[in-house]
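Visitor: Have a look at this one.
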Amino acid sequence: MSNKFGALLKTKLEEIQKKNPRFSFRSLAKKVGISPGCLNELMHGKRPLSEFYANKIVLGLELGSEERNEVYSLISTRSRKFAAQKVLMEKEMSMLSSWEHYAILNMIRMKTFQSEPEWIAERLALPVERVQKSLELLMELGFIKRKGNSIARSVGSLATTEDIPSQAIVNAHLSDMSKAMEVLQTTTPDVRDFSSITMAINPEKFDEAKSLIKKFRRKLSMLVEEGDMTEVYNLNIQFFPLTVQKREKKPLC
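Under the numbering used here, the first residue of the sequence shown carries the number 544, and numbering increases by one thereafter.
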């Protein structure tokens, strides 16, 4: 593990140093939020790579999907909780377009989780039949498995394709937003946070803004998933145009 992980970090350090020769190993440690001593131990196999440190490195270095999965594949066996991130295909997305499937997958990570459909249904305020159908689907797709008298996740984090038109993803977002409207009307501000801001923007900064939002999502998930997890939340960030964007007129042929 140490050779592969050390080689990966060395490669990333060299890539950064080509753009900024003054960037040091200590700078790398600061960028990923790990002390230089601890990062050095991780590189040389003197400390096992845990999911916690892997997340810090993936987030701090803003790694792409292939490099992310490479880092996650190097997590120490005794520290491993889940497999590498799985990217959902269109068919899988169309089958998982309702919010409760992802809620159940994350409930399994809760300290207080109970596998009985009745318990899950009560916690999600859903009919038992709907929960049972979700469990059957997740089992069929291989995302959960039987573990004694309980159930366990058999996949790591789930992701979707990016910037590719998909009706399945649209349906999943609609399901999340519908649930968000319900929660907004049935809960108090002490257990939720809904906010918005309207701004005039420079469209040339849009891609940079999307990258910033993605980094924020990962950083937030690392924060709230640390320690005892007893609830499941959903984060929706909407950043969309209110103006009809002008299109350049194409010359008539």
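We put the beta carbon where it would ideally sit given N, CA and C, even for glycine. In this text, all values refer to a predicted model and were calculated from it rather than measured experimentally.
Please report the distance separating the alpha-carbon of E584 from that of L727.
Guide: What you label residue 584 is simply residue 41 of the sequence shown in a count that begins at 1. What you label residue 727 is simply residue 184 of the sequence shown in a count that begins at 1. Looking at the two C-alpha atoms, the distance is approximately 46 angstroms.
Visitor: With DSSP run on the structure shown, which of helix, strand or coil describes V630?
Guide: In the sequence shown, residue 630 corresponds to position 87, counting from 1. In the structure shown, V630 sits in a strand (DSSP, three-state: E or B).
Visitor: Could you tell me which residues DSSP pairs with I694 in its beta bridges?
Guide: If you number the sequence shown from 1, residue 694 lands on position 151. R689.
Visitor: Can you list, in chain order, the residues of its chain whose CB lies under 8 angstroms from that of A646, leaving out five sequence neighbours each side?
Guide: Position 103 of the sequence shown, counted from the start, is the residue given in the question as residue 646. Closer than 8 angstroms at the Cβ level, and outside the excluded window around A646, lie L667, V775, N777.
Visitor: Straight-line CA distance for R689 to E679?
Guide: Position 146 of the sequence shown, counted from the first residue, corresponds to residue 689. Position 136 of the sequence shown, counted from the first residue, corresponds to residue 679. One C-alpha to the other measures close to 11 angstroms.
Visitor: For T554 and I618, I'd like the C-alpha separation in whole angstroms.
Guide: By 1-based counting over the sequence shown, the position of residue 554 is 11. By 1-based counting over the sequence shown, the position of residue 618 is 75. Each residue's Cα considered, the two are about 19 angstroms apart.
Visitor: Quick one: what's I702 bridged to in DSSP?
Guide: Within the sequence shown, the letter at position 159 stands for residue 702. As written in the sequence, residue 702 is Ala, which differs from the Ile given in the question. In DSSP, A702 forms a bridge with V630.
Visitor: Which same chain residues, not among the five before or five after E605, have their C-beta less than 8 angstroms away from its C-beta?
Guide: Taking the first residue of the sequence shown as position 1, residue 605 is located at position 62. Cβ within range, chain order: S754, K758.
Visitor: With H644 as the anchor, note down where its alpha helix (DSSP H) starts and where it stops.
Guide: Reading the sequence shown from its first residue, position 101 is the one you call residue 644. Element bounds for H644: 642-650.
Visitor: For N779 versus D719, is the C-beta spacing smaller than 7 angstroms?
Guide: On the sequence shown, residue 779 is found 236 positions in, with the first residue counted as 1. On the sequence shown, residue 719 is found 176 positions in, with the first residue counted as 1. Yes, they are a contact pair.
Visitor: Pick out whichever of I712, E643, I707, V671 has its Cα sitting closest to the Cα of L681.
Guide: Here residue 681 refers to the residue found at position 138 of the sequence shown. Nearest option by C-alpha distance: E643.
Visitor: My understanding is that V630 touches S608, with C-beta atoms under 8 angstroms, so please give their C-beta distance in whole angstroms.
Guide: As a working note, residue 630 is residue 87 in the sequence shown. As a working note, residue 608 is residue 65 in the sequence shown. That belief holds up - the Cβ atoms of V630 and S608 are roughly 7 angstroms apart, short of 8 angstroms.
Visitor: Please tell me whether R761 and L582 are closer than 7 angstroms, where the distance is taken between their beta carbons.
Guide: Translated into the one-based positions of the sequence shown, residue 761 becomes position 218. Translated into the one-based positions of the sequence shown, residue 582 becomes position 39. Cβ atoms of R761 and L582: not closer than 7 angstroms.
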